[in-house]
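Read the structure below first, then the notes.
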Ligand code: AMP
Ligand code: MG
């Protein structure tokens, strides 16, 4: 499959011409199979698909330097969903295993164009399971990714072209590193990341390039992530969370973890992270009313498509791409 040959801004603004490229049509056929495969897999696991929220009074604050979009909702400021995490914690009170194909808007910094894996409008398959642990949803994520790759290879080899030969169903269980171990590997590669920080995009890509199979990074420090992840009882300051990283330089696939569901602890975490609890109206009222513990994750659909199709750029993995700074259709 070919990437777009034209200048990026020009080619995205003229999407009505470049979308006709035969390579892109093949990508969208593969994407259709990816989505069908995930839906079938999750239905078979007992999940209910729900409709995702698009706007609301609050959204996910943990979006690494991206800006949220605010709209005027009858005189009340509303956010456009950066992710539906807070809503997933609401719906599992009614349905214990849920997922949605959830659209997200994040005004990513301009420099993210260089990562080739950031869009400003993207979608996640976002799922949540009441009373689940990290290990259980990690196992689910591995089985889901293996199933999707197997289905796409079986049904879309023609559309995948050369990539059909190099794309293999990964061996389970996937390798797991703690965040601390990932930092040690990076240090040995000559990339120093200070404990407590998010792993920078270039370091994430370098780590990904050093692997030929997907792998997990678990137990990030609380200072690197948002308030809604559960903190470990044994190691305060360390979270019960994880990322899945694709191999071959494709970078982050999934973020997820166990959720903090206890009102007092959550308010304390918000304060520690510099968040103002008074901005989280219904969310904190809900926690006061009581919700079950849960675990879940989100997997970016365009990034999954980029990885499966072996695309250099994420903007070739979506019909109507929105990239930081480029006002395209
Ligand atoms: P996050 O909540 O930031 O961990 O996002 C969840 C998942 O959505 C990530 O693991 C990615 O697969 C995907 N994702 C996050 N940000 C972007 C973006 N700017 N463009 C495309 N996909 C993204
Ligand atoms: Mg993430």
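In the numbering used here, the protein residues as written are 1 to 329.
Every residue, glycine too, gets a C-beta built ideally from N, C-alpha and C.
Just so you know, these numbers come straight off a predicted model, no measurement behind them.
Only residues of its own chain outside the window of five on either side were considered, and among them 38, 41 have a CB closer than 7 Å to the CB of residue 144, listed in chain order. Taking residue 265 as the centre and dropping the five residues before and after it, the same chain places the C-beta of 231 closer than 8 Å to its C-beta, in chain order. Looking only at 241, 7, 323, the smallest Cα-Cα distance to residue 135 is reached by 241. Relative to the non-hydrogen atoms of the ligand MG, the Cβ of residue 276 never comes closer than 7 Å to any of them. Scanning 14, 113, 317 for the CA closest to the CA of residue 306 turns up 317.
Cβ-Cβ distances below 7 Å link residue 33 to 151, 152, 155, 156 in the same chain, with the five nearest sequence neighbours on each side left out; the list follows chain order.
Cβ contact annotation for residue 283 (same chain, cutoff 7 Å, sequence separation greater than five): 58, 86, in chain order. Sequence-distant Cβ neighbours of residue 297 in its own chain, meaning closer than 7 Å and more than five residues away, are 127, 137, 141, 254, 255, 256. If the five residues before and after residue 277 are omitted, its C-beta is found closer than 8 Å to the C-beta atoms of 267, 270, 271, 284, all from its own chain and listed in chain order.
In the DSSP assignment, residue 296 is bridged to 128, 257. Taking the Cα positions, residue 105 is about 27 Å away from residue 248.
If you check the CB distance, residue 226 and residue 13 do not come in under 8 Å. Looking at 20, 258, 111, the one whose alpha-carbon comes closest to that of residue 293 is 258.
Comparing alpha-carbon positions, the option among 90, 67, 107 lying closest to residue 291 turns out to be 90. Annotation for residue 209: 249 place their beta carbon closer than 6 Å to its own, counting only its chain and skipping 5 residues before and after.
Assignment of beta strand (DSSP E) within the stretch 20–93, counting only whole runs of 3 or more residues, yields 70–73, 76–80 in chain order.
Here residue 160 is near residue 309, since their CB atoms are less than 8 Å apart. Measuring C-alpha to C-alpha distances from residue 206 to each of 213, 147, 191 identifies 191 as the nearest. Taking a 10 Å sphere around the C-beta of residue 279, we find fewer than 16 other C-beta atoms and assign the residue as exposed.
Within the stretch 200–251, the runs of beta strand (DSSP E) at least 3 residues long that lie entirely inside it are, in chain order, 215–218, 241–246.
As the crow flies, the alpha-carbon of residue 25 is around 12 Å from that of residue 158. Taking 7 Å as the cut-off, one finds no heavy atom of the ligand MG near enough to the beta carbon of residue 126. The criterion of a C-beta distance shorter than 8 Å is satisfied by residue 117 and residue 314. In terms of side-chain proximity, the C-beta atom of residue 255 is found nearer than 7 Å to a non-hydrogen atom of the ligand MG.
The three-state secondary structure of residue 159, taken from DSSP, is helix. The ligand MG has no heavy atom closer than 7 Å to the beta-carbon of residue 258.
For the pair residue 295 and residue 132, the Cα-to-Cα distance works out to about 5 Å. In the structure shown, residue 312 adopts coil according to DSSP, grouped into three states.
For residue 188, the enclosing alpha helix (DSSP H) begins and ends at 179–188. Judged by the Cβ position, residue 243 qualifies as a neighbour of the ligand MG at the 7 Å threshold, a heavy atom of the ligand being closer than this. Its chain contains 54, 55, 59, 68, 69, 70, 71, 105 as the residues whose beta carbon lies nearer than 8 Å to that of residue 80, once the 5 sequence neighbours on both sides are disregarded; these appear in chain order.
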